[in-house]
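Numbering (our numbering), first residue to last: 831 to 1163. Worksheet for the structure shown next.
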Ligand code: FAD
């Protein structure tokens, strides 16, 4: 028999559906500390309405378990520890996630849209035989997600009919879950036998006292206008006065001025700091795709026609080699 639902029973039904949701957030960490994007993914998972569990796979990750247990919105922590989870290789973590899924039957599996999440979840989705949804910026309902396309210039709303929804979350699109006030219980899950397909050998981290690019409140980025890697020193000096991270355009990376982990844009990192200072960057759409959600944008460019000025809140038409040292000096006073 068909029943016609009025508004209040429709609300009840939506509430009922949400109670049946359960989401697994795969935590990104280094066995010592949680990577901030996991907190954004937890907020996104919370918007689905059901229970949120976190999977922590690592080698000796008690500190991370403690950290997540205090995060608001997390109900349960699943912990798997084994040497083979060193370096978070997707080949090793995927069987673990599949086993966990068999046991708990989550309706959703997600992670941050970082190199970690983008490496891991497509593999998980393929093994579950479902299509993943990448880099979402909004959750409309448990099966409807919004993401950007065309270098961030259009929004696409995706309805996902898969039995398990597997997705990555753009960190800058969701607030970080509060790191205090939660009281999640943790339980050990059995580790999976090493897949042995690949082996983690070592990791060389770029050492920097500056904040991490994707979570910094202030970002100073340089483009081809800097003319050389040595000239980036001007930006490092300015950044140090502002406690800022330093980013770059793809042209600056391709020219070998700076390493590619500094690239901001469609094929680089997506940032949305309080303040973004673009120096010697023309403002191509692929660059804007990575920074146009910044709260305040300042552009320094000698060409008054540069497209960057169309998105800038404050524009300075000037020679960067003069303007940047002047700014650094003014901040030193
Ligand atoms: P340019 O466009 O050459 O601009 C340099 C600017 O510096 C100019 O505006 C000039 O007026 C100014 N300038 C020069 N000298 C001075 C001076 N002395 N003082 C002040 N200003 C000065 N780009 C990205 O940044 N990120 C991406 O992720 C990205 N992904 C891409 C993906 C695809 C598929 C494609 C096709 C392109 C992508 N690009 C990306 C490249 C993008 O199209 C542009 O080529 C690039 O952003 C240009 O970098 P730029 O602004 O540093 O260089």
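All residues carry an ideal CB built from backbone N, CA and C; glycine is no exception. Bear in mind the structure is a predicted one, so any value in this text is a computation, not a measurement.
- In this structure, residue 1129 keeps its C-beta atom at 7 angstroms or more from the C-beta atom of residue 1115.
- In the DSSP secondary-structure assignment, residue 940 is bridged to 855 and 997.
- A distance below 7 angstroms separates the beta carbons of residue 1007 and residue 902.
- As a beta-bridge residue in DSSP terms, residue 975 pairs with 969 and 988.
- Judged by pairs of C-beta atoms under 8 angstroms, the region 1109-1128 touches the region 1142-1149, as three or more such pairs exist.
- If you look at residue 1106, you'll find it in the beta strand (DSSP E) that goes 1105-1109.
- Relative to ligand 1, even the nearest heavy atom lies 6 angstroms or more away from the CB of residue 1051.
- Remark: three or more beta-carbon pairs, one from each stretch, lie closer than 8 angstroms, so the region 910-927 and the region 941-957 are flagged as touching.
- Counting only residues of its own chain and dropping the five nearest sequence neighbours on each side, residue 1064 has a CB closer than 6 angstroms to the CB of 1154.
- Look at residue 1123: its beta carbon is at least 6 angstroms from all of the heavy atoms in ligand 1.
- By the criterion of a C-beta distance shorter than 7 angstroms, residue 1081 is surrounded in its chain by 1053 and 1054, once the five residues flanking it on both sides are discounted.
- The closest heavy atom of ligand 1 lies less than 6 angstroms from the beta carbon of residue 1132.
- If you ignore the 5 residues before and after residue 1024, its C-beta comes within less than 7 angstroms of the C-beta of 914 and 922, all in its own chain and listed in chain order.
- Residue environment: residue 883 is assigned as buried (16 or more neighbouring CB atoms within 10 Å of its CB, all protein chains considered).
- In this structure, ligand 1 has a non-hydrogen atom nearer than 6 angstroms to the beta-carbon of residue 1110.
- Straight-line spacing of the CA atoms in residue 1156 and residue 944 works out to 36 angstroms.
- The Cβ atoms of residue 942 and residue 886 lie no closer than 7 angstroms to each other.
- No heavy atom of ligand 1 is found nearer than 6 angstroms to the CB of residue 918.
- Here residue 973 has 989, 990, 991 and 995 as same chain residues with Cβ atoms under 8 angstroms from its own Cβ, once five neighbours each way along the sequence are excluded.
- Residue 1094 places its beta carbon less than 7 angstroms from that of residue 1120.
- Looking at the backbone, the Cα of residue 898 and that of residue 1132 are separated by about 47 angstroms.
- Spatial neighbours of residue 1123 in its own chain (CB-CB distance under 7 angstroms, excluding positions within 5 residues in sequence) are listed in chain order as 1002 and 1102.
- The shortest CA-to-CA distance from residue 1028 to any of 919, 1021 and 1085 is the one to 919.
- The alpha-carbon of residue 962 is positioned some 19 angstroms away from that of residue 1097.
- Within the same chain, and ignoring the five residues on either side of residue 862 in sequence, the residues whose Cβ sits closer than 6 angstroms to its Cβ are 893.
- Boundaries around residue 1071 are those of the alpha helix (DSSP H), 1062-1072, since no beta strand (DSSP E) includes it.
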